[in-house]
Structures are given as structure tokens and as C-alpha cells.
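Shown next, in C-alpha cells, is the structure this report addresses.
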Amino acid sequence: MRNLTKLSLSALMMSQVAFGSFAQATHMPAPIEAAVQTSYKTMKIEGLDIFYREAGSPKNPTLLLLHGFPTSSHMFRNLIPQLSEKYHVIAPDYPGYGNSSMPSVDKFDYTFDHMASIVETLLKKKSISKYSVYVMDYGAPIGFRIASANPEQIESLIIQNGNAYEEGLDNNFWQPIKAYWKDRKAVNKGLDNPWWKNVKAAYKQPNMTNDDALRFLLTKGATTWQYTNGVRDVSKISLDAINEDQRLLDREGNQEIQLQMFYDYGSNPALYPKWQAYFREHQPATLIVWGDKDEIFPSAGAFPYKKDLKNLEFHLLDTGHFALEEDGNQIAQYIETFLDKNVSR
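Read in order, the letters of the sequence shown are residues 1 to 345 in full-length UniProt numbering.
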């Protein structure tokens with residue numbers, strides 16, 4: 001019995017040594033530090049549910065992200081986690097876009113003035129009074145309205161394929177849209193150029209109304225073109241993003257919203273001198289990251305910023321309209337370096 005006990009004790013000691021060696025050899029790694037998670041929220045503004053994405057500590061400097069057409073805050077889905085370790089990032093969806101309420105055109109005034117007012121109200125309700133702003137496409141006229149009205153709130157600007165100069169609208173794409181601003185019942189106005197001739201041929205309509213022509217911009221083919229035209233590698237473009245944008249465009253009543261926004265874009269050029277005066281007088285630190293192959297907002301619209309902004313970092317990227325899709329990592333690096341240099345903590 002005594003020998004058996006000795007054997008048992010010996011076996012126990014051997015097992016402890018073996019387990020210790022095993023544990024040492026296969027020790028659990030330190031837990032991976034979790035990335036800052038994005039929150040998905042809504043706020044009541046004018047009786048509407050305004051959706052926004054938010055990430056990062058509110059104690060950090062705030063970066064406001066303003067999306068373009070036909071997308072939503074979803075376009076920033078990859079950028080937000082790349083910046084939210086250091087910055088408080090917030091990205092709203094405008095009414096009629098993304099996950100925000102979509103009242104019909106007879107129940108809501110779909111204008112760029114109104115969109116800017118909605119975003120300003122969101123910022124005020126969240127007690128955000130100092131921030132940088134990233135503007136893209138529709139985000140530019142919305143963001144520049146806010147910035148020029150509240151220059152003391154703006155810490156810096158990040159401009160990606162967003163226009164504030166007549167040179168940026170001087171191309172084939174904009175010709176029928178400009179005609180639409182003058183006459184919503186126009187026929188064949190501005191459509192006699194190579195870009196729109198292809199659209200007319202595809203629709204087999206030699207006498208196409210401008211309204212019908214602009215409805216083409218709401219089709220799956222046009223959405224796909226916006227994402228893929230001018231890119232280096234189509235495989236880098238998210239089909240999920242294309243499909244999600246198109247799903248939202250295809251909602252009943254949304255086409256009328258988009259046509260109204262096309263029409264009201266005509267209110268923006270008259271404000272260009274005001275925005276340019278804001279640039280000259282207040283000289284916000286500005287980063288330009290621009291998809292050089294964009295046929296909607298070509299780089300001809302990027303260069304004029306150099307006339308008015310002195311503290312300007314300027315990058316043309318070898319990609320198209322939705323530059324974040326293909327060059328998001330590079331843009332995130334540019335933004336982080338720029339903000340670290342120009343925004344106080």
C-alpha cells in the first residue's frame with residue numbers, strides 16, 4: 001500500500017511537471033485588443049429618423065463625414081474603423097438616403113439648404129461645436145454651406161471629388177443637368193454629346209426628355225458605372241455597395257427624390273463665390289484626395305482650390321469617383337497624417 005501511495009504521488013508530480021511544460025509551450029496569447037466598434041444610431045429631427053454611424057471617443061477631435069449620391073454613410077464603412085482609434089467619427093445619412101426616413105417629395109423639401117440644416121441640427125443636438133469635415137460629391141455643397149455659415153466651428157476640410165468651382169461642371173456629363181435646371185420639361189437639351197448619345201442609343205429614343213435622361217442615372221447600369229469607371233482593378237469594387245445603393249434607389253418614390261435633388265443642385269453654382277470667399281478669408285487647413293479618372297467631378301474641379309487655399313495638401317489618385325473603394329487605405333493614411341498635423345487635441 002505504501003509503495004502504491006509512493007507511485008501515485010510520483011505519477012501526480014510527473015503529471016504536474018508535464019502539464020506545466022505543456023502550458024508553458026502552448027501558453028494562451030494575450031487577448032487581441034478590440035478595435036473601436038462603430039455604433040448605429042438614429043436621432044429625431046423634424047419628426048424624421050436621421051440615421052448616423054458613430055465611432056471613437058467624443059473626447060477626441062471630431063471628424064464629420066458627408067456622403068455623396070447615390071450612396072449613404074455606408075460609403076465610409078471601411079474608413080470609420082481606420083480613423084476611430086484617434087478620432088471621434090460621425091457619418092449621417094441625409095433624408096431620403098441610406099437608413100434615414102424617406103418622406104415623399106410632397107411632404108419634405110428636398111434641397112441642399114434643407115440637408116445642410118438637418119446636419120447642423122444633428123451636430124447641435126450632439127453638442128459638437130468643433131470638427132473637421134470630409135466632403136464628397138453631394139457632401140461638398142452640404143458641407144460648404146455649413147462651413148461658410150459657421151467658420152469658427154471648422155478645424156479642417158477634407159475634399160474628395162466635391163465641387164466648388166465652375167470649372168468642375170464644364171464637361172459632357174453636366175450639360176443636360178444644367179438644361180434641366182432651366183427647364184424640367186426640356187427635350188434633347190445638352191444630350192448631343194458623346195456621353196449622352198450613348199445613353200440615347202441604349203434607350204432607342206432619338207428625342208429623349210431630359211427627365212428621362214436623368215432617370216438613367218438611377219439605373220443599376222449607371223450605379224455600376226459610377227463605381228467602376230476609371231478604376232484600376234474592378235475586383236476591388238464592392239458589389240455589396242453597388243447592390244445596396246441600387247436597392248435604396250429602387251424604393252417606391254425615391255426616383256422623384258433624386259430628380260428633385262438633381263434639380264436643386266442648380267442652386268449650388270450661385271453659392272460658389274461665397275464658398276470661395278470663405279476659403280480665402282478663413283484659410284481652413286485642407287486636404288484634397290481626388291479620384292483623377294472621375295468623369296462626373298473631374299480633376300479640373302480640384303485644381304482651382306489651389307487659388308484660394310494656402311494651407312493645402314493636394315493628392316490626385318489613379319482611380320474613379322468613389323475613390324475610397326479602391327484607395328481607401330491610402331486615403332486613410334493621408335487623413336490621419338493630415339489631422340495629426342492640423343487638429344489640436
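A virtual CB, placed ideally from N, CA and C, is assigned to each residue, including glycine.
Alpha helix (DSSP H) containing residue i: first to last residue?
i: His-114; result: 112-125
i: Phe-173; result: Premise fails: Phe-173 is in no alpha helix (DSSP H) and is neither H nor E.
i: Met-148; result: Checking the sequence, you will find Ser at residue 148 rather than Met. Unbroken alpha helix (DSSP H) run through Ser-148: 139-149.
i: Glu-155; result: It is not in any alpha helix (DSSP H) - Glu-155 instead sits in the beta strand (DSSP E) that spans 154-160.
i: Tyr-272; result: 272-282
i: Lys-307; result: 305-308
i: Gly-190; result: Segment: none, Gly-190 is in no alpha helix (DSSP H) and carries neither H nor E.
i: Gly-328; result: 323-342
Out of the options, which one is the CA nearest neighbour of residue i?
i: Met-261; options: Asn-60, Asp-109, Asn-99, Leu-122; result: Asp-109
i: Ser-156; options: Asn-311, Trp-181, Asp-294; result: Asn-311
i: residue 346; options: Leu-317, Phe-303, Gly-328, Gln-330; result: Residue 346 is absent from the structure shown; the chain starts at 1 and stops at 345.
i: Glu-244; options: Ala-147, Gly-328, Gly-253, Thr-224; result: Thr-224
i: Phe-279; options: Leu-65, Lys-124, Tyr-134, Ser-148; result: Ser-148
i: Thr-209; options: Ile-242, Glu-152, Asp-192; result: Asp-192
i: residue 350; options: Tyr-305, Asn-254, Lys-197; result: Because the chain in this structure spans residues 1 to 345, residue 350 falls outside the shown range and cannot be described.
i: Tyr-263; options: Lys-130, Phe-51, Val-105; result: Val-105
Which residue comes first and which comes last in the beta strand (DSSP E) that contains residue i?
i: Trp-290; result: 285-291
i: His-315; result: 312-317
i: Thr-42; result: 39-45
i: Tyr-134; result: 131-136
From residue i to residue j, what does the alpha carbon distance come to, in whole angstroms?
i: Gly-190; j: Arg-345; result: 49 Å
i: Gly-68; j: Asn-161; result: 9 Å
i: Ala-179; j: Gly-301; result: 20 Å
i: Pro-176; j: Ala-213; result: 8 Å
i: Pro-81; j: Lys-204; result: 45 Å
i: Thr-121; j: Lys-44; result: 10 Å
i: Gln-258; j: Phe-173; result: 16 Å
i: Gln-226; j: Leu-324; result: 13 Å
i: Phe-22; j: Pro-92; result: A caution first: Phe-22 carries a pLDDT of 45, below 50, which makes its placement in the model too unreliable to give a value.
i: Asp-183; j: Met-102; result: 26 Å
i: Pro-151; j: Leu-83; result: 24 Å
i: Thr-337; j: Gly-320; result: 23 Å
i: Gln-333; j: Ile-159; result: 15 Å
i: Asp-113; j: Tyr-265; result: 10 Å
i: residue 346; j: Leu-48; result: In the structure as shown, the chain starts at 1 and stops at 345, and residue 346 therefore has no counterpart that could be examined.
i: Gly-139; j: Leu-66; result: 5 Å
i: Leu-63; j: Ser-57; result: 11 Å
i: Val-36; j: Lys-59; result: 14 Å
Between residue i and residue j, which are expected to be in contact by the criterion C-beta below 8 Å, what is the C-beta distance as a whole number of angstroms?
i: Val-343; j: Ser-127; result: Incorrect: roughly 18 Å between the Cβ atoms, too far for contact.
i: Ile-142; j: Ala-116; result: 5 Å
i: Asp-292; j: Asp-318; result: 6 Å
i: Thr-42; j: Arg-53; result: So it is not a contact: roughly 11 Å between Cβ atoms.
Ignoring anything shorter than 3 residues or poking outside the region 49-107, list the beta strand (DSSP E) runs there in chain order. 62-66, 88-92
Write down every uninterrupted run of the alpha helix (DSSP H) in the region 195-269 whose length is 4 residues or greater and which is fully enclosed by it, in chain order. 210-216, 220-228, 239-249, 254-264
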